Structure formats: structure tokens, C-alpha cells
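So the structure is just underneath, and the comments pick up after that.
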Amino acid sequence: MLFNRSRQNLATWFTLSMGSILVIFAALLYWREARDRLQTLDADLFNTAQIMAGGVEEIEYQSIQRIDLESVPLLGDDTLALDTYLRFARWYTPDRQLLQFVGDIPAATLDAPIGLVTLTNTAADTALFPGSQVGLSPIGSPQSLRQLTLPVRRGEEVLGFLQIATSLDSVQEPLRELRLFLSIGVPLALGAIACTGWILGGVAMQPIRQSYQQLQQFTADASHELRAPLAGILSNAQVGLMEPVDPQEQSHRLQTIVEIAESMSALVGQLLFLARHSGQLPPEGLQSVDLGALVQQLADKTQAQAASRQQTLRCTVPKTAVLVFAEPQVLQMAIANLLHNACRYTPAGGTIDLILTQQPTRAILQVRDTGIGIDAADLPHIFDRFYRADTARSRETGGVGLGLAIARQIVEAHQGNISVRSQIHQGSVFEIQLPLRRQKGTHKGKTPQDS
Ligand code: ADP
Numbered sequence: 113m114l115f116n117r118s119r120q121n122l123a124t125w126f127t128l129s130m131g132s133i134l135v136i137f138a139a140l141l142y143w144r145e146a147r148d149r150l151q152t153l154d155a156d157l158f159n160t161a162q163i164m165a166g167g168v169e170e171i172e173y174q175s176i177q178r179i180d181l182e183s184v185p186l187l188g189d190d191t192l193a194l195d196t197y198l199r200f201a202r203w204y205t206p207d208r209q210l211l212q213f214v215g216d217i218p219a220a221t222l223d224a225p226i227g228l229v230t231l232t233n234t235a236a237d238t239a240l241f242p243g244s245q246v247g248l249s250p251i252g253s254p255q256s257l258r259q260l261t262l263p264v265r266r267g268e269e270v271l272g273f274l275q276i277a278t279s280l281d282s283v284q285e286p287l288r289e290l291r292l293f294l295s296i297g298v299p300l301a302l303g304a305i306a307c308t309g310w311i312l313g314g315v316a317m318q319p320i321r322q323s324y325q326q327l328q329q330f331t332a333d334a335s336h337e338l339r340a341p342l343a344g345i346l347s348n349a350q351v352g353l354m355e356p357v358d359p360q361e362q363s364h365r366l367q368t369i370v371e372i373a374e375s376m377s378a379l380v381g382q383l384l385f386l387a388r389h390s391g392q393l394p395p396e397g398l399q400s401v402d403l404g405a406l407v408q409q410l411a412d413k414t415q416a417q418a419a420s421r422q423q424t425l426r427c428t429v430p431k432t433a434v435l436v437f438a439e440p441q442v443l444q445m446a447i448a449n450l451l452h453n454a455c456r457y458t459p460a461g462g463t464i465d466l467i468l469t470q471q472p473t474r475a476i477l478q479v480r481d482t483g484i485g486i487d488a489a490d491l492p493h494i495f496d497r498f499y500r501a502d503t504a505r506s507r508e509t510g511g512v513g514l515g516l517a518i519a520r521q522i523v524e525a526h527q528g529n530i531s532v533r534s535q536i537h538q539g540s541v542f543e544i545q546l547p548l549r550r551q552k553g554t555h556k557g558k559t560p561q562d563s
């Protein structure tokens, strides 16, 4: 429920943000296209007007200066050539009276503003070009027009006004197509964005959902593990409180309570460790550690325990220092977990080997035992929290299934990895690989006792 709502929120926000970007982009694209096309048309219109104005001549007829439009393209011919894109061309005298025109029949006086204007052929505008239906233009029914009115001068003197116009079809038609394309394309793209948002929302929620489920599982497992010892404490305490009080029996009960509380305390300690040491270790806590010395120390400490179980514990480490960057106490805990497991799950007479080797970039530590081994079905889960391969046997040995999870968390926090190979009834090999510390000299690193 919570995840679906979050997924919906993600998809909605994704669609809204991407959709807004898309709509703004489409609007900008349309605006640019419209502006560019109109600018090109205006430039063409202006060029044509310049060429036409170039043909205007002043002649003197019977001592009177007159304007001669004979050499003006189009106006001089009095017809609009079929290949011209102009709708009409008109010449007005300096006092704005119509002198000559070609194309649509104009009003007798010039009342349009100087420069470029767009004339829309709505009912109100038909008055602007009353002869439009009978024009000589090659264009059929009249549409919006782009009109240019220019004063033509010789020096300071205004010779007259040239007015030309062309249909806006060449601008409007592609824009109409673009509008159609955008009005279909943008909603389709929005739909695709919404679907993608929903799918991406699902993908984004997946790891969160997984870790939430893991957390739930972890909480349930932890509560379950704590419930049994709590019930033990409670029942022992209740029986101990019953009358008549037998001092010996009471002492026995109290002893049991202490033992259970100790195991609970160990479990809570492990849980706290898992919670505190998740993720990468802070670099300030890391130091150069000689893994060989650390492993040897651990082997020496465990020797007595192995001997008491009639097990042989051997330790093989290189003579030179194997330096890794680590938190020694924490790393030692991971190796100790593997070593204690090897002792716990190996019967009397078995052998446990601790073998440290060095490769160009990595240190490899193997903890080998000739113990009970792990079933192939259990191997993929062995590092999971609270996982016990053989529950009865593990309980017997006092484990709750956190040792390997802690070991893996520690090794990964040191940027290493941990793996296992095992054959049932043959034994197991746990292997830790850690990156070697890059160093120039071969000085000895710190051991946990030095630090
Ligand atoms: P536990 O505290 O139960 O030992 P671990 O996380 O250390 O929990 O180990 C998980 C399970 O893996 C154990 O319950 C045991 O079944 C199995 N296991 C771990 N180490 C070995 C080993 N060396 N040989 C056989 N089984 C092992």
C-alpha cells in the first residue's frame, strides 16, 4: 500500500516535471518556427519592395516633374506574373492617393500604417481589400496577408508609397501542420512519459521494498530470538518465587536466569554491532594492519579451545608482513567468528587450518575444517542473518545464526569479500579476500595488541 502510493507519487511527479518540460519545449519550438518563417517572408517582401522601388523614375514632362512607373517590375507591366508570390502591388502618390496598382482592387487612399502588418481576412477586414475576390493573384481564395508599405524617397523628397502584400499561406500552412503534429504528438508523448514514470517508479521502489522486507524479517527474527530466552527467564523466575522456597532450587533457577540473560546480552550485542557497522567504515578508524600477525595471534588464542576438543589447529602465514588497511579489532572479530565456527562444527579428531597467502593486490585468508560440512541447499543462505543450516545442531552449539552475517558485513566494510565452499561430512573452506594496502617500504604493521 505504502509502496504503491510512493510509486504513484514518483510517477506523477515524473510525469508532471517531464510533461512540463515537454510542453515548454514544444511551445518554444512552435514559437521559433513561426518567428523564423515570418522573418524569412518579411525579408523576401522587403527585398522585392527594394527591387521594385529601384525601378521608380522621375521624368520631366512639360516642365513638370512626374513619376514614371514603367520600369517598375510588376507595376510597370500592370499585371501580376503567374510565378510571383505577391498578392498585390500598389503605388500611392506622396499625398497618399492611389496612382497605380496590380492585383486586388485597393482603396483610393492609403490609410495603412508604414511598415509591415498582417491583415486577417475576417468579415471586419474584408473592407481592407474589397477587390480580393476578383484579384489577379494566382492564389485562390484570400487568406491572411502580410503587407509592407514603404515610402520611396529620392534624397529627402518622398516620391510616393509602395505597398505590396503576399499571402501568409507559406507561413501558416507548415505551422498548421506543426500544430497538428504537436497536438497529437505531445499527448502521446505525455502518455508514454506517464507509463515510463510508472515503470521507473516500480524499478526505483524495488530495492526499497526489498530492504523494507529484509528489515521486517530481521525485526521479526530478532524478536523471535529474544522471545525464547525471555520466556525462559520468566518461567524460572515464576517457579523460583513459588512457596515453599528451596534454597538450592532457587539458586539453580537464578543461575539459569543469569545464563539466559548472558546469552541474551550476547545476542543484543551482536544485533547492535550489525546495526552500527553497516556500510563502509570511516577512514579515520582504519590503519595499516599486518594480517599475518593478527591471524597468528588469533590462532594462538584458540589453540587451547581446539586442544580441549581434541582438534588440531594449524596456522600458516607468510614470513613477510601482509599489510591491509583495517580496523584491527573489528577484522579480528570476523576471523574469530569463522574460526570458532570451524571448531564448533568439527568433531573431535578433526583438523582446522588457517592459511594466509598473498597475491599481487589481495590477501587471501582461508579457514579450512574437516567438520560436518554444509548442505549445498544451505550454502547460498549461510551468510544471511539468523540463518542456521542445521537448527538443532546450531542451537546445541549456542549459535543464533548471526556469526557469518557479522563476518560478511565486516569483510565488505573493508572492501573485501567472503565466500564458502563445503561438502557435507567432508568439511568447509571459508575464504576472505581483502585488498592489500599499497605501500613503498615493508615496515611491519600494527597488530590489535599494538593498537
Ligand atoms: P551460528 O551462530 O548458528 O553458528 P553462523 O552465522 O556463524 O551462526 O553460521 C550459520 C550456520 O552456518 C550455522 O548454523 C551452521 O549451520 C553453518 N556453519 C557455519 N560455519 C560452519 C562450518 N565451519 N561447518 C559447518 N557448518 C557451518
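Per the numbering used here, the sequence shown runs over residues 113 to 563.
By construction, the Cβ of each residue, glycine as well, lies at the ideal position given by its N, Cα and C atoms.
Bear in mind the structure is a predicted one, so any value in this text is a computation, not a measurement.
For T278 and Q120, the gap between their C-alpha atoms comes out near 53 angstroms. Annotation for I494 indicates a beta carbon within 7 angstroms of some heavy atom of ligand 1. Less than 8 angstroms divides the Cβ of C455 from the Cβ of Q423. Excluding the 5 residues flanking it on each side, G309 has same chain C-beta neighbours closer than 6 angstroms at A123, F126, T127, in chain order.
A residue is called buried once 16 or more other Cβ atoms fall within 10 Å of its Cβ, and Q322, having fewer, is exposed. Annotation: Q408 to D358 spans about 49 angstroms, alpha carbon to alpha carbon.
Excluding sequence positions up to five before and after A220, its CB lies within less than 6 angstroms of the CB of L210, all in the same chain and listed in chain order. DSSP, reduced to helix, strand and coil, places T124 within a helical segment of the structure shown. When DSSP assignments are scanned along the segment 488-548, the uninterrupted stretches of alpha helix (DSSP H) that are 4 or more residues long and fall wholly within it turn out to be 503-508, 515-525.
The beta carbon of I305 is closer than 8 angstroms to those of F126, T127, M130, G131, L134 in its chain, skipping five residues each way along the sequence.
Per DSSP, the beta bridge partners of C427 are L466. Secondary structure note for R178: its beta strand (DSSP E) is the uninterrupted segment 176-180. The alpha-carbon of S363 is positioned some 29 angstroms away from that of Q382. Taking C-beta atoms as the reference points, L403 and V436 count as a pair closer than 8 angstroms. Here the C-alpha atom of V401 lies approximately 30 angstroms from the C-alpha atom of F498. Boundaries cannot be given for L280, as no beta strand (DSSP E) includes it and DSSP labels it neither H nor E. The segment 472-490 makes contact with the segment 536-551, as at least three CB pairs between them are under 8 angstroms.
Less than 8 angstroms separates the beta-carbon of I179 from that of G272. When the Cα atoms are used, R388 and G314 turn out to be separated by approximately 30 angstroms.
Between A224 and Q259, the gap from beta carbon to beta carbon is short of 8 angstroms. Residues I372 of the same chain have their beta carbon placed closer than 6 angstroms to that of G344, with the five preceding and five following residues left out of the count. Cβ neighbours of R265 within its own chain (closer than 8 angstroms, five residues either side excluded): L271. Placement of the Cβ of V380 at a distance of 7 angstroms or more from every heavy atom of ligand 1 is found. Looking only at A460, R149, Y457, the smallest Cα-Cα distance to D281 is reached by R149. Distances taken from the Cβ of R500 to the heavy atoms of ligand 1 include one shorter than 7 angstroms. Contact holds between the segment 181-188 and the segment 198-217, because three or more Cβ pairs, one in each stretch, are under 8 angstroms apart. For D154, no pairing in a beta bridge is given by DSSP.
Note that the C-beta distance between Y204 and Q275 is below 8 angstroms. Taken from the Cβ of L516, at least one heavy atom of ligand 1 lies inside 7 angstroms.
Rounded to the nearest angstrom, the gap between the Cα atoms of L468 and G352 is 51 angstroms. A direct Cα-to-Cα measurement between T428 and A378 gives close to 31 angstroms.
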